[in-house]
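In my numbering, the protein residues as written are 850 to 1075.
Every residue gets a Cβ at the ideal spot worked out from N, C-alpha and C, and that includes glycine.
Shown next as structure tokens:
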């Protein structure tokens, strides 16, 4: 199975199995703590269960969400929820288990273990109009991101993520706001030619207010590549 991850600096989404439809994928949640390849500082804040996206019997990608996501403020609506996340905050850890991962430019993305931190697409001429939503996860090799509070700036996060690709571009995953109706997690199709996992994680604002953060993580589809 060929799986591709786009890496054109915050312009595209994770890309898995271009010809496949959502029916070709299965989603399950299993009791499984994050692996030791992820640092103790980061494992300590993750849920002890994995969300597995599979084609066939074996999971291609596994996701460990944070137990409680810190927010800058309680979002006024579901559409505002992602932008309440502090930039570069850790949201999850990810295991890439498929050996044929390649990015949109056909560069190899090694299988391994990654941290997943939140980022917002820059509002500049280089990125204007490249994606419908500005919210992304940036994947960084877990060996290059061992401190929960490290990579505190956008520039540092981009540089660390780029160490995993031959092109030097970061690995980015598109996030889209969503509603929390129905059973979660589940597979969704948030837009034409886009497949996603709808996820929910507990969150707490700096004021102490608690809420649920619901979003779509796009695993099939891409924006306008530059």
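> Is the beta carbon of residue 941 sitting closer than 7 Å to the one on residue 965?
Replying inline: yes
>> Can you tell me whether residue 984 is helix, strand or coil according to DSSP?
In response: strand
> Taking the alpha-carbon positions, what's the residue 913 to residue 1015 distance?
Replying inline: In this structure, the alpha-carbon of residue 913 lies about 26 Å from that of residue 1015.
> In or out: residue 1078 buried (at least 16 other Cβ within 10 Å) or exposed?
Replying inline: For the chain, the structure presents residues 850 to 1075; residue 1078 sits outside this window and is missing.
>> If contact is defined by three or more beta carbon pairs under 8 Å, each pair taking one atom from either stretch, is the stretch 986 to 999 in contact with the stretch 1032 to 1044?
In response: no
>> Helix, strand or coil for residue 1029? Go by DSSP, reduced to three states.
In response: coil
> Which residues in the same chain have their Cβ closer than 6 Å to the Cβ of residue 897, if we skip the five residues on either side of it in sequence?
Replying inline: Closer than 6 Å at the Cβ level, and outside the excluded window around residue 897, lie 882.
>> I want to know whether the stretch 1050 to 1057 touches the stretch 914 to 922 - three or more CB-CB distances under 8 Å.
In response: yes
> Sorted by chain position, which residues of the same chain lie with C-beta nearer than 6 Å to residue 935's C-beta, five sequence neighbours on each side aside?
Replying inline: 921
> For residue 904 versus residue 877, is the C-beta distance shorter than 7 Å?
Replying inline: It is not a contact, given that the beta carbons lie outside the stated cut-off.
>> Can you tell me where the alpha helix (DSSP H) holding residue 890 begins and where it ends?
In response: 889 to 892
> Nearest CA to the CA of residue 915: which residue from 1068, 1063, 1069 and 1067?
Replying inline: 1063
> To which residues of the same chain is residue 875 closer than 7 Å at the C-beta, ignoring the five residues directly before and after it?
Replying inline: 903
>> The alpha helix (DSSP H) that contains residue 1007, what's its start and end?
In response: 1003 to 1011
>> Taking only three categories from DSSP, how would you classify residue 1065?
In response: strand
> To the nearest whole angstrom, what separates the beta carbons of residue 1010 and residue 988, a pair I think is in contact under 8 Å?
Replying inline: 6 Å
> Does DSSP put residue 1060 in a helix, a strand or coil?
Replying inline: strand
> What do you reckon, are the CB atoms on residue 962 and residue 1021 nearer than 7 Å?
Replying inline: Residue 1021 sits away from residue 962, with the two beta carbons spaced by 7 Å or more.
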